[in-house]
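Residue numbers (the numbering used here): 38 to 149. Accompanying notes for the structure given below.
Structure follows, in structure tokens:
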């Protein structure tokens, strides 16, 4: 059994794969430096910002016989008010759609 001698392949014309990747990466990394991208300009807060819609509204909740006064936005749900404003963590927000039942709150003996 004779083995043929290992011969080096002749160099290819043009770029090798390594040259292509090296040069491409160099160009990609240097482009933001040349263009000056990535430098954020500070945004000054507008003094005359108009708030659309109603602001916070005062509400009173009676929880386990204790009155709790809160000031919440109209979009706050009962579950969010209990968990985020009053630190009652018994009811859980799991599906965020009120379909699984984990966010159930007992109100006057009824589940809501």
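All C-beta atoms in this analysis are idealised placements derived from N, C-alpha and C, irrespective of residue type, glycine included.
- Listed in chain order, the non-local C-beta contacts of residue 109 below 7 Å within the same chain comprise 93, 94, 96, 118 and 122, local neighbours out to five positions each way being set aside.
- Between the alpha carbons of residue 85 and residue 78 lies a distance of about 20 Å.
- Residue burial is scored here from C-beta neighbours: residue 137 has fewer than 16 other C-beta atoms within 10 angstroms and is therefore classed as exposed.
- Here DSSP, grouped into helix, strand and coil, assigns residue 119 to helix.
- Membership of residue 105 in the beta strand (DSSP E) is indicated by the continuous run 103-109.
- Of the other Cβ atoms in all chains shown, 16 or more fall within 10 Å of the Cβ of residue 140; this residue is therefore buried.
- The alpha-carbon of residue 91 is positioned some 20 Å away from that of residue 98.
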